[in-house]
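Q:
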Amino acid sequence: MARQLRVRTIAALAHACVFTIISCLSFGLHYPLMEGPMGVPSVLFYVVDIPISLVAFGFMFFSAKFAWLAWILWGVLGTGWWYLLGISIEAWIKRLSKWNEKRDG
Numbered sequence: 007m008a009r010q011l012r013v014r015t016i017a018a019l020a021h022a023c024v025f026t027i028i029s030c031l032s033f034g035l036h037y038p039l040m041e042g043p044m045g046v047p048s049v050l051f052y053v054v055d056i057p058i059s060l061v062a063f064g065f066m067f068f069s070a071k072f073a074w075l076a077w078i079l080w081g082v083l084g085t086g087w088w089y090l091l092g093i094s095i096e097a098w099i100k101r102l103s104k105w106n107e108k109r110d111g
């Protein structure tokens, strides 16, 4: 029987995929990050990554020379952040299922 993917893996992979898509559209096709077809995905990505994105955008705003480094770190640290959030989500699911078992049983 194949092992099921855990929430932590799915969350981290989803972040990495969305980050890669936004990066390719932004840098490869030269779409502005917050305008046009990139507006909604970029804003949503910024909001769901709020602790990491605040630091990254601040760094990019004040140091345009090293904006690429902030962007790469945002991708790496954001993916790690979502891995940790996945662990937290798994723990909550486990707690809630135990609570439901006690309540029903």
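Note that the numbering used here has the sequence shown beginning at 7, numbered continuously upward. Idealized CB from N, CA, C, for every residue including glycine.
What are the boundary residues of the alpha helix (DSSP H) that residue 71 is part of?
A: Looking at the DSSP string, residue 71 is not in any alpha helix (DSSP H), and its letter there is neither H nor E.
Q: With 16 as the cutoff for other CB atoms within 10 Å, does residue 87 come out buried or exposed?
A: Buried: at least 16 other Cβ atoms inside 10 Å.
Q: With DSSP run on the structure shown, which of helix, strand or coil describes residue 7?
A: Below a pLDDT of 50, predicted positions are generally treated as unreliable, and residue 7, at 35, falls in that range; no measurement from the model is reported.
Q: Quick check: the Cα distance between residue 93 and residue 13, rounded to an integer number of angstroms?
A: Near 7 Å, if we compare the C-alpha coordinates of residue 13 and residue 93.
Q: May I ask you to report which of helix, strand or coil DSSP gives residue 55?
A: Coil, per DSSP.
Q: Between the stretch 61 to 76 and the stretch 21 to 30, are three or more C-beta pairs nearer than 8 Å?
A: At 8 Å Cβ cutoff, the stretches do not touch.
Q: Report the three-state DSSP secondary structure of residue 14 (helix, strand or coil).
A: DSSP places residue 14 in helix when its eight states are reduced to three.
Q: Among the candidates 48, 102, 101, whose CA atom is the shortest distance from the CA of residue 112?
A: This structure cannot speak to residue 112, because the chain is shown only from 7 to 111.
Q: In angstroms, rounded to a whole number, what distance separates the CA positions of residue 81 and residue 102?
A: Taking the straight line from one Cα to the other gives about 31 Å.
Q: For residue 33 and residue 44, I'd like the C-alpha separation in whole angstroms.
A: Between residue 33 and residue 44, the C-alpha separation is close to 11 Å.
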